[in-house]
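Counting from 1, one number per residue, gives the positions in the sequence shown under full-length UniProt numbering.
See below for the structure under consideration.
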Amino acid sequence: MSESDKVGVVVAAGRSVFATQNLSLATKKTPETAARVNLRMEDTLEVYMDSSAEIHCLYNFTEKPTMVMVQWFVREREGHRVRISFSDLTMQKVDENTSYSNRISVRASSDGETLTIQDVKLSDEREFFCQVSGLAKGNGEGRTLLKVFDPPEPPVIEGVLSGVSVSGDSPARIASCETREGFPKPNITWYRDHIPIHPAIGLANVVTLVTRESSGLYTVQSELHYKVTKEDKDAHFSCEVSYFVPGAVRTSESKGINITVHYPTTSVKIWKESPEGLVKEGDTVEIRCQGDGNPPAPIIFNREQSDVELDSYQGLLVLKEVSRADSGVYECHSLDKRVVNHDEVVDTLQLTVHYLDPAVVMPKDSEVMLKGEDLTATCNALSSLETTTVWFKDGIEVERGHVMKLQDATFDTAGQYDCEVTVAALPGLLTSGSVHIIVQGAPQIKDAERDIELTEKVGGWVNLSCEVRGQPKPTITWSITGSQSQSWREVVKRETEDQVQSVVTLKVTTDTVAICNSTNDLGVETKTYSITSIPFSQTPTARKTSVDNSGVIIVVIIVSILLLAILGSVFYFLYKKGKLPCGRSGKQEIINAYSAKEKTNKDIVVEMKAKKTEESMLLKGVNGEQKPPNDQIIFSAGLSSRRPVVFPLADLNLEAQKSVFTESLSAKEKHPAALLTVSADPGFV
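Here it is as structure tokens:
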């Protein structure tokens, strides 16, 4: 036998003896004189599975012992105890061949020992004992219950796949809830919209199935049997798992699910789905009908007081290109066989199809009226809604309202008038009509109130225009006297419904009178053109009209100031140098007049222009031809308040021209700052 074995035998024998002696000592000594040990341990220690557990054994003696022995025991499932550790003053040992040999350690301290258990398992949920012996100084024993916890997985809820009918006589299974692998056993509670569901006879029942896995963990399954009503179609059901953890109770709630509830139809609703707003003829109308039953029952449509079923599909009735005849009351019926007592479930809809008939215009098509007369036209359209009428002519609004009044008609009154009838409440409704107004009257020549007088040189051509309005459309004829009949022809003729224009071209051979005669069934009007012929030797003093004008066009006289100024400066320079010979009296008088004033009015400038250029001062004939510069003379004193004086050379002799010019110089003396401009024939100078 080894030394250690001897020690073990001694210890074992001594423990038994000690126990017996302790019992005998406790009977022979009074409590006041007996030595004892005070031992403290926790009643319960709670830990998570797979974690570490530390069990403390704290002790002290009333009298200091010479030796202390500490032994740790565990209670087996069968009820007996097994030592797992031993220590004294000389050694500390973990017993071999136990379930804790490799998972425990003991740590001693001044006030006791601590047993540490690694990798706690569910099987460790048992009592652990600490036995302390100081021999004669006392002995004691304490115990701690180790409790192990493992939270379960979150709950999983599933609703029944098929619907649950409200017509059942007893609660039906509506959902199941499961939580797996928890310890200790978790509990499941059911909720409807977060309100706990308590079992009640005929209303709710919970069936629970608990399974202990081989690992020792629990799996709990719970089924909810519930008497559903129609109101439960929008309710949310959920389950909650409650489980223990060290020092607390925790919960985990599942997601909420909605149960499909089957219930009969108690009412239906019908409405117009499209178009939005009012309905007009030609629209496509969609009418929808839906019952409140689940699953939805078949729907049929018919018109009120008619048993004819209308074609529809899944509660939708489509009416294409509706007319006013489609107006009326429409009914929809539910064909739900689950309805108690087979009561009829029906709803109705009033459909109104609005319309706008074609516009009726009075007078119809066209109306003939005389100049100066009045006319009242109307435009109306029958409609189911209030209408608005607007009159247009040539796209321009001329009147608002169903009635249009035309007063004191003129040729401008004639034309087509369009009326548009609309419905303000329904912009898509529109109709229109028109009336053509014809205004009859005697011919009316443009500018007929004044005769036209023209001048033209012999052999020249003039264009005469005559524009006439009238209804019936007038005819134009020309009466020409004076010139040869073969010397004129019509070159332009334009005609519209009530307007005619004629342009003739005439070669002037002598004084001529041309008359434009316009006639229709209601009258005659004329216009006279008087043409004075001018021989080739004379310059015309009157003005002619252009092709399209019957009046006299006054041609603006153009003065070439720049050239006159340059020419005048040259003459002045030559005069100052004495190099300007004066061979004619008219020219000498001009120079003398200027010399007399030179010393007192040096700011007077005389310009003389004789150059024959296009910029020279011109007189134009009525037909636009230009006259040469040697046919005219211009005197200008340069005053801003006076216009140049123009004299045709054909009308003034040389002496008269000089006299006028002398008067201009006199005006210059009164206004020294003025500019005197002379343009004349070189022979004048």
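Even for Gly, the Cβ is constructed at its ideal location relative to N, Cα and C.
Quick caveat: nothing in here was measured; it's all calculated off a predicted structure.
Query	Result
So, do the segment 489 to 496 and the segment 425 to 439 have three or more beta carbon pairs nearer to each other than 8 Å?	no
Between which residues of its own chain and THR410 is the CB-CB distance below 7 Å, once the five residues before and five after are set aside?	LYS371, VAL439
Over the uninterrupted alpha helix (DSSP H) stretch that includes LEU562, give me the two end residues.	561 to 577
Give a yes or no on whether the C-beta atoms belonging to ARG126 and ILE117 are separated by under 7 Å.	no
With DSSP as the reference, identify every bridge partner of ILE188, one or two as the case may be.	VAL241
Figure out for me which residue from LYS405, ALA425, GLU158 has the closest Cα to the Cα of GLU373.	LYS405
What three-state label does DSSP hand LEU135 in the structure shown?	helix
Do ASP418 and PHE392 count as a contact pair if the criterion is CB distance below 7 Å?	yes
PRO363 to ARG494, Cα distance in whole Å?	31 Å
For the putative contact between PRO184 and VAL241, defined by C-beta atoms under 8 Å, what is the C-beta separation to the nearest angstrom?	With a Cβ gap of about 13 Å, PRO184 and VAL241 do not count as contacting.
By the three-class DSSP mapping on this structure, what secondary structure does LEU382 have?	coil
Decide if the segment 213 to 222 is in contact with the segment 164 to 174; the criterion is three or more beta carbon pairs, one per stretch, under 8 Å apart.	no
How big is the Cα-Cα spacing for ARG250 and GLU276?	56 Å
Since LEU430 sits in a beta bridge, which residues does DSSP pair it with?	THR422
Pick from TYR48, LYS269, VAL361: whose alpha carbon is nearest that of PRO296?	LYS269
Check whether the segment 128 to 143 touches the segment 43 to 62, counting contact only when three or more Cβ pairs, one atom from each stretch, lie closer than 8 Å.	yes
Per the DSSP calculation, HIS56 is bridged to which residue(s)?	THR114
Measuring straight from C-alpha to C-alpha, what distance separates GLY247 and PHE61?	33 Å
Suppose the cutoff is 7 Å on Cβ atoms and the five residues either side in sequence are ignored; what does the same chain contact list for GLU158 look like?	ALA175, SER176
Measure from the alpha carbon of PRO474 to the alpha carbon of each residue in ALA514, ILE480, THR509, GLU525, then state which is nearest.	GLU525
Label PRO648 either buried or exposed according to how many other C-beta atoms from any shown protein chain fall within 10 Å of its C-beta, with 16 as the threshold for buried.	Residue confidence for PRO648 is low, a pLDDT of 45 falling below 50, so the modelled location carries little weight and cannot support an answer.
In the UniProt domain "Ig-like" (443 to 532), which residue ranges form an unbroken beta strand (DSSP E) of at least 3 residues, counting only runs that do not cross its ends?	452 to 457, 461 to 471, 475 to 481, 488 to 495, 499 to 507, 512 to 520
Rounded to whole angstroms, how far is the Cβ of LYS280 from the Cβ of VAL261, which I believe are closer than 8 Å?	About 43 Å; that fails the 8 Å criterion.
Work out the CA separation of GLU456 and GLN484 for me, nearest whole Å.	15 Å
Determine the extent of the beta strand (DSSP E) in which TYR355 is found, giving its start and end residues.	Counting along the chain, TYR355 falls outside any beta strand (DSSP E), and DSSP gives it neither H nor E.
DSSP on TYR330, reduced to helix/strand/coil?	strand
Where do the N-terminal and C-terminal ends of the beta strand (DSSP E) with residue 686 fall, by residue?	This structure does not reach residue 686, given that the chain is present from 1 up to 685, and the question cannot be answered.
CA-CA distance, GLY401 and ILE531?	54 Å
What's the gap between the Cα of GLU607 and the Cα of TYR575?	Only weak support exists for where GLU607 lies, its pLDDT of 38 falling under 50; the value from the coordinates is given anyway. Answer to the nearest angstrom: the Cα atoms are 13 Å apart.
Indicate the three-state DSSP secondary structure (helix, strand or coil) for ARG36 in the structure shown.	coil
Have a look at ASN38 and SER99 and give me their C-alpha separation to the nearest angstrom.	30 Å
Just to confirm my understanding: we take VAL207, look at its own chain, exclude 5 residues before and 5 after, and list those with CB closer than 6 Å. What are they?	GLU223
For ALA448, which residues of its own chain have a beta-carbon under 8 Å away from its beta-carbon, when the five flanking residues on both sides are left out?	GLU525, THR526, LYS527
Less than 7 Å between the C-beta atoms of ARG192 and HIS225, yes or no?	no
Inspect the beta-carbon positions of SER327 and VAL308 and report whether they are closer than 7 Å.	no
List the DSSP bridge partners of THR387.	VAL423
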